[in-house]
Amino acid sequence: MVCVLEASDLYKEYPGGVVAVKGVSLKAGRGRVSLMGPNGSGKTTTLSMLAGALKPSRGVVRVCGYDLWGKEWIKARRHIGYALQKMPFREKLSGMENLIWYGLLRGLGLGESRRRARSLSEELGLSGYINRSVASYSGGMRKRLSLAAALMGDPDVLILDEPTSGLDPRAREELWHLIEVSLKDLTIVFSAHMSVEAELHSDYVYIFNDGVIVAEGRPSELIERYAPKPRIIVYVRGDAEPLPIDGVEPEIVARGVYMYPVDDPREGIRRIVDAYSQHGVAVERIETRKPGLEEVFFTVTGRRLEEG
Ligand SMILES: Nc1ncnc2c1ncn2[C@@H]1O[C@H](COP(=O)(O)OP(=O)(O)OP(=O)(O)O)[C@@H](O)[C@H]1O
Ligand SMILES: [Mg+2]
Numbered sequence: 138m139v140c141v142l143e144a145s146d147l148y149k150e151y152p153g154g155v156v157a158v159k160g161v162s163l164k165a166g167r168g169r170v171s172l173m174g175p176n177g178s179g180k181t182t183t184l185s186m187l188a189g190a191l192k193p194s195r196g197v198v199r200v201c202g203y204d205l206w207g208k209e210w211i212k213a214r215r216h217i218g219y220a221l222q223k224m225p226f227r228e229k230l231s232g233m234e235n236l237i238w239y240g241l242l243r244g245l246g247l248g249e250s251r252r253r254a255r256s257l258s259e260e261l262g263l264s265g266y267i268n269r270s271v272a273s274y275s276g277g278m279r280k281r282l283s284l285a286a287a288l289m290g291d292p293d294v295l296i297l298d299e300p301t302s303g304l305d306p307r308a309r310e311e312l313w314h315l316i317e318v319s320l321k322d323l324t325i326v327f328s329a330h331m332s333v334e335a336e337l338h339s340d341y342v343y344i345f346n347d348g349v350i351v352a353e354g355r356p357s358e359l360i361e362r363y364a365p366k367p368r369i370i371v372y373v374r375g376d377a378e379p380l381p382i383d384g385v386e387p388e389i390v391a392r393g394v395y396m397y398p399v400d401d402p403r404e405g406i407r408r409i410v411d412a413y414s415q416h417g418v419a420v421e422r423i424e425t426r427k428p429g430l431e432e433v434f435f436t437v438t439g440r441r442l443e444e445g
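If you read the sequence shown in this note's numbering, its first letter stands for residue 138, the second for the next number, and so on.
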């Protein structure tokens, strides 16, 4: 049986009056679901409410049918594993000792915690350094240890807040490979640091802006719906004004950097270069780009997603 995570109409007002999440409803069954959005859009707040770590001001979260804040909250929480963006590990202790601690917190006995920590460290490629103190870990090792800690209670639903942030591209790919191979049977909800991660690694994405969901769907469907055309980005010298091409105004990416949706990239490049040269403006660089979730975000919100 697939354990479904379902949230309806979540609100969160922090002490001090910031309303970080304003009416979010979402659902995750088997597969990977991502929350994508700019800094401060409410992803972490939502994830911690889904994980049962933060009480919603309003709204309900159900896990495998149990209300996270209802009478059966203990049953509900047993199904969830949560990896925070930065886990508060005890730095002087080893990875193994930290994992055992998480096992004890989840109500496992010492022997069981140790067995589980050992098998997870093998599965997640941590064995080589599991007995070293966490203080000596690299970013990639810490992220693997976070994953292992979240898995100590053998959850059905895994909530990962920016599972790969701070990693270089190679370590990021390795971690995704691990998640996709070892954890393929779990329901995974993660927040995405970069739009390409949501695009490549999730089956379904919820796009957040200012505490609400502004679009949701399979990445490919969203791109088809909101940004079906290839883009041409032109870099012009100095601060030349953007020119409309066939009556279409470009998106202004930055001063001197303009982006045009086109039907046919080759034809588009020709027209754009012609138009600027007719105005005596030198084109310094021109590139085509396949649209992605970043363009979807722009179409839906009119804002650029800051990539970090
Ligand atoms: N403990 C808190 N007290 C008060 N306000 C908070 C608290 N935590 C978050 N906020 C505010 O709530 C809003 C949403 O923050 P949240 O951390 O959920 O966003 P996010 O999408 O995870 O951002 P990021 O991409 O930077 O991680 C922000 O305006 C933030 O400043
Ligand atoms: Mg966050």
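Even glycine gets a Cβ: it sits at the ideal position worked out from N, Cα and C. This one's a predicted model, so the numbers in the text were calculated from it and none came from an experiment.
- Closest option to Met289, judged by alpha-carbon separation, among Gly277, Ser275, Gly244 and Ser328: Gly244.
- Taking the C-beta atoms as reference points, Leu430 is found nearer than 8 Å to Ala335.
- About 18 Å separates the beta carbons of Ser162 and Ser339, which is beyond the 8 Å limit, so they are not a contact pair.
- From the listed residues His314, Tyr343, Met233 and Leu442, the smallest Cα separation to Ser270 is found for Met233.
- Taking 7 Å as the cut-off, the C-beta of Phe345 counts as close to a heavy atom of ligand 1.
- Shown here, Lys321 sits in coil according to DSSP, grouped into three states, outside any helix or strand.
- Your pair Arg426 and Pro367 checks out as a contact, with CB atoms roughly 7 Å apart and the cut at 8 Å.
- About 5 Å separates the beta carbon of Pro193 from that of Leu147, a gap short enough to meet the 8 Å contact definition.
- With contacts defined as CB atoms closer than 8 Å, Tyr397 and Ile369 qualify as a contacting pair.
- Between the beta-carbon of Ala144 and that of Tyr151 there is about 18 Å, and that puts the pair past the 8 Å contact cut.
- For Ser302, the closest C-alpha among the options Ala188, Trp313, Val351 and Asn268 is that of Trp313.
- Beta-bridge partners of Thr425 (DSSP): Ile369.
- Contact holds between the region 309-329 and the region 275-289, because three or more Cβ pairs, one in each stretch, are under 8 Å apart.
- In the three-state reduction of the DSSP assignment, Pro402 falls in the helix class.
- Using a Cβ distance threshold of 8 Å, Gly166 and Val197 do not count as a contacting pair.
- Within a 10 Å sphere around the beta-carbon of Ile389 sit fewer than 16 other beta-carbons, which makes this residue exposed.
- Short of 6 Å from the beta carbon of Thr182, and not among the five residues preceding or following it, lie these beta carbons of its own chain, in chain order: Lys149, Ala157 and Val158.
- Around the beta-carbon of Asn346, 16 or more other beta-carbon atoms lie within 10 Å, marking it buried.
- Non-local beta-carbon contacts of Val394 in its own chain, meaning distances under 6 Å to residues more than five positions away in sequence, involve Tyr372 in chain order.
- Between Gly248 and Ile296, the C-beta gap is not smaller than 8 Å, which leaves the two residues out of contact.
- Excluding residues up to 5 positions away in sequence, Ala377 and Leu380 lie with their Cβ nearer than 8 Å to the Cβ of His416 in the same chain.
- With respect to the 8 Å criterion, Phe434 and Ser332 are classified as neighbours on the basis of their beta carbons.
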